[in-house]
Amino acid sequence: MRRSHMTTQDAPTVISDLVVRMTTGFNPHDPELAHDGVPQQVYRELRDKCPVQWSDQYGGFWVATRHEDIDRVSKDAANFASALGILIPDPSDFATEDERKERFDSGKGMLPIVMYDPPAHTPMRRKLEPLFSPAMVRKREDFIRSVADDFIDDVIESGQCDLMVDFCAPVPAVVVLDWLGLPVEGWKAYSDTVLKQFAEPSEYGPDVGSLDIAGLYAALVDRKEHPRDDIITAITQIEIDDEPINDFEMLSLLGQMIFAGLDTTTNAVSSTLVELHRRPEVRKELSAAANDDRLWTSAIEEFLRYTCPIQGFKRTAREPAEVGGQAIAAGDRVLMMFASGNFDEREFDRPDEIDLRRTTNRHLTFGRGIHRCLGSHLARLEMKVMVQQILQRMPDYVIDESQLKVHEDISVAFGYDAVPAHFTPGRRRASSQ
Ligand code: HEM
1493 MRRSHMTTQD APTVISDLVV RMTTGFNPHD PELAHDGVPQ QVYRELRDKC PVQWSDQYGG
1553 FWVATRHEDI DRVSKDAANF ASALGILIPD PSDFATEDER KERFDSGKGM LPIVMYDPPA
1613 HTPMRRKLEP LFSPAMVRKR EDFIRSVADD FIDDVIESGQ CDLMVDFCAP VPAVVVLDWL
1673 GLPVEGWKAY SDTVLKQFAE PSEYGPDVGS LDIAGLYAAL VDRKEHPRDD IITAITQIEI
1733 DDEPINDFEM LSLLGQMIFA GLDTTTNAVS STLVELHRRP EVRKELSAAA NDDRLWTSAI
1793 EEFLRYTCPI QGFKRTAREP AEVGGQAIAA GDRVLMMFAS GNFDEREFDR PDEIDLRRTT
1853 NRHLTFGRGI HRCLGSHLAR LEMKVMVQQI LQRMPDYVID ESQLKVHEDI SVAFGYDAVP
1913 AHFTPGRRRA SSQ
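Using this note's numbering, the letters of the sequence shown correspond one by one to residues 1493 to 1925.
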């Protein structure tokens, strides 16, 4: 089980109050949920006592916490729509009744691709999927490793750093910007914006409009005139019904890639490093198996299952349905708690343990069905390379748990604001001196 910051003495009262509150009206924004180890205690109660629970919060919604039910809802895109948004509450809630009806009927939500339903979703996905394939991703391994090493070089001689600020945030930022075709020199501005939006989201979630929209638009205009072999160019070439998608759709898609690609991987890697700090025996086993690809593959899946940054996303029912024995009415919203499904004892043996060799691991960290994470192969490779480089170059790193700080609101993503660490100082690589 995850270690909590609360002592065993003070935990029961706090947790039991929270559990009662959550099992009678789940609120993903509750600040008391935002503590290390606490969400899993709440999710367990929900799974056992009310696996598809009605919450009166935010106008009312269902919360599904068992693996089987989440799997079922996320795979039924024909009935469980994304076009009215994926958060509770959601910016779509501000739309007029006519706008909401229009989005629901057309399947075109506010933000392509994640809030588009078929048929609008299909051509976007078809165009982008080959660019995110395992083969395309593999070509980036050396680059990712050199980016990871560059950031380690910046701190290695000092013997201390903030693993979040100095490593887990910058590396995915540089990798994803480069992948998309944006200048990597601007990584910090993008990274700071995205991480702030996830760490302190408004009640309606992170705001893609907080990015440098003019800069992104200029990149899109440039690629329309001068196509290159990059994701931005691919975005300018997407067509729906033989018509190019409009500028707003292109911009939203690009902005969403930046939001989806930065914070998630950052949180998955930093949480993995925290868990490895807490489990010296697991760290030792992984470090000793540097060249065992099979072990690393299952280990990364296990860390994805265990750390699951995205807690859950919402769908809206088009037609009446049944989920986990509960009747869902047309128009009802269902929040699928991926982070709960990943610890469901009905699906996983010993879910509270980190088992580097777990063989069957149908975790929900990347979602399921047609919206399954487009960047999953890239994220896996980033995670593997980043953890490998830390274990190799800072093998004895120790995290100062007293300074670990969880985001104030984990409704979108579980992650830390700061992960201060110290280690035996090492040398920069010869090439970087
Ligand atoms: C550990 C890292 C990551 C996690 C945990 C994660 C999680 C997710 C989840 C849960 C979904 C499903 C959304 C839904 O069902 O509504 C999703 C979709 C998506 N992700 Fe990721 N993601 C990660 C990394 C990335 C990266 C690196 C990129 C791109 C650079 C990316 C791009 C996307 C896109 C574009 C979608 C929407 C796909 C669609 O709607 O068809 N993600 N991600």
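Note that CB positions come from ideal geometry on N, CA and C, so glycine has one too.
With a cut-off of 8 Å on the beta carbons, I'd call residue i and residue j a contact; round off their distance for me.
| i | j | result |
| --- | --- | --- |
| I1723 | L1672 | 5 Å |
| Q1881 | A1640 | 4 Å |
| E1811 | N1519 | No, E1811 and N1519 are not in contact; Cβ-Cβ is about 27 Å, not under 8 Å. |
| L1576 | R1595 | 6 Å |
| D1582 | G1697 | 7 Å |
Looking only at C-alpha atoms, which of the options sits nearest to residue i?
| i | options | result |
| --- | --- | --- |
| H1559 | D1642, A1640, S1903, N1853 | N1853 |
| V1713 | D1597, Q1729, F1805 | Q1729 |
| N1738 | A1791, I1891, A1612 | A1612 |
| C1800 | S1547, N1834, E1893, G1707 | N1834 |
| L1745 | E1594, M1616, S1566, V1766 | M1616 |
| T1725 | L1623, R1595, D1888, D1582 | L1623 |
| E1793 | L1703, S1868, I1732 | S1868 |
| A1781 | Q1884, H1718, I1891 | Q1884 |
| Y1550 | S1584, F1830, G1859 | S1584 |
| A1711 | L1743, D1609, T1685, D1699 | L1743 |
| K1897 | G1701, Y1682, H1855, V1766 | V1766 |
| Y1709 | I1846, F1740, A1569 | F1740 |
| S1894 | D1888, M1886, T1857, A1913 | A1913 |
| R1786 | I1862, F1830, T1851, R1539 | T1851 |
| N1748 | F1858, L1703, L1870 | Note that residue 1748 corresponds to Gln in the displayed sequence, not to Asn. Considering only alpha carbons, the answer is L1703. |
| T1628 | A1871, I1891, P1719, S1683 | According to the sequence shown, residue 1628 is Met rather than Thr. The candidate whose alpha carbon is nearest that of M1628 is A1871. |
| L1796 | G1678, P1581, F1858, F1840 | F1858 |
| G1707 | P1610, E1692, I1750, P1693 | I1750 |
| E1773 | D1888, P1698, L1674 | D1888 |
| I1862 | S1683, Y1608, D1841, K1631 | Y1608 |
| D1734 | D1892, C1865, D1582, T1614 | T1614 |
| L1768 | N1783, T1789, A1752, Y1798 | Y1798 |
| G1552 | L1579, D1563, R1539 | L1579 |
| K1600 | S1574, Y1682, L1669, D1658 | S1574 |
| P1736 | D1721, A1752, K1716 | K1716 |
| V1606 | V1879, M1886, R1864 | R1864 |
| F1915 | R1771, A1922, M1886 | M1886 |
Say whether chain D places a C-beta atom closer than 8 Å to the C-beta of residue i.
| i | result |
| --- | --- |
| D1509 | Among the chains in the structure shown there is no chain D, since it carries only a single protein chain. |
Kindly list the residues whose CB is nearer than 7 Å to the CB of residue i, restricted to its own chain and excluding five residues on each side of it in sequence; keep chain order.
| i | result |
| --- | --- |
| V1877 | E1633, I1636, R1637, A1640 |
| K1541 | T1515 |
| S1762 | L1655, M1656, C1660, G1907, Y1908, V1911 |
| A1791 | L1778, L1848 |
| V1565 | A1556, F1572, R1807, V1815, V1826, M1828 |
| A1813 | N1571, I1820 |
| R1494 | In this prediction, R1494 scores a pLDDT of 35, lower than 50, which makes its location untrustworthy; the coordinate-derived value is nonetheless stated afterwards. D1528, G1529, Q1532. |
| E1837 | P1843 |
| H1497 | A caution first: H1497 carries a pLDDT of 37, below 50, which makes its placement in the model unreliable, though a value can still be read off. So the qualifying residues of the chain are H1527, D1528. |
| D1561 | P1543, V1544, V1815, G1816 |
| R1539 | T1557, R1558, S1832, D1836 |
| D1928 | Any question about residue 1928 goes unanswered here, given that the chain covers just 1493 to 1925. |
| T1685 | S1702, L1703 |
| I1732 | A1612, P1615 |
Along the chain, where does the beta strand (DSSP E) containing residue i start, and where does it finish?
| i | result |
| --- | --- |
| R1637 | Element bounds for R1637: not the beta strand (DSSP E) but the alpha helix (DSSP H), 1633-1648. |
| V1826 | 1825-1828 |
| D1670 | D1670 -> not in any beta strand (DSSP E); alpha helix (DSSP H) instead, spanning 1662-1672. |
| C1653 | 1652-1654 |
Under 8 Å Cβ to Cβ from residue i, same chain only, skipping five residues before and after it: list those, please.
| i | result |
| --- | --- |
| H1521 | E1695, D1901, S1903 |
| A1905 | F1690, D1755, T1756, N1759, P1801, I1802, Q1803, H1899 |
| E1649 | P1917, G1918, R1919, R1920 |
| A1822 | A1809, R1810, E1811, P1812 |
| E1874 | I1636, V1663, P1664, V1667, T1757, V1761 |
| V1511 | Q1533, V1534, E1537 |
| T1500 | Only weak support exists for where T1500 lies, its pLDDT of 31 falling under 50; the value from the coordinates is given anyway. Within the same chain, T1500 has no close Cβ partners at all. |
| E1719 | The sequence given here has Pro at residue 1719, not Glu. Hits under 8 Å: T1725, T1728, Q1729. |
| R1592 | L1576, S1584 |
| W1554 | V1544, Q1545, W1546, S1547, V1815, Q1818, I1820, D1824, R1825, V1826, L1827 |
Along the chain, where does the alpha helix (DSSP H) that runs through residue i open and close?
| i | result |
| --- | --- |
| Y1709 | 1705-1717 |
| A1910 | Looking at the DSSP string, A1910 is not in any alpha helix (DSSP H); the run it does join, the beta strand (DSSP E), is 1908-1910. |
| D1590 | 1589-1598 |
| Q1881 | 1868-1885 |
| Q1689 | 1679-1691 |
| P1615 | 1613-1620 |
| V1629 | 1626-1630 |
| A1726 | 1723-1728 |
Using C-beta distances below 6 Å, list every residue in its chain close to residue i, excluding the 5 sequence neighbours before and after it, in chain order.
| i | result |
| --- | --- |
| T1588 | none |
Between residue i and ligand 2, is the CB less than 7 Å from at least one heavy atom?
| i | result |
| --- | --- |
| G1577 | Looking at this structure, you won't find ligand 2 anywhere; what it does contain is ligand 1. |
Check your understanding: Which ranges would you report for the beta strand (DSSP E) in the stretch 1510-1575 if only whole runs of at least 3 residues count?
Key -> 1544-1547, 1553-1556
Exercise for review: Let me know the alpha helix (DSSP H) ranges lying completely inside the stretch 1769-1817, each 4 residues or longer, listed in chain order.
Suggested key: 1772-1779, 1785-1799
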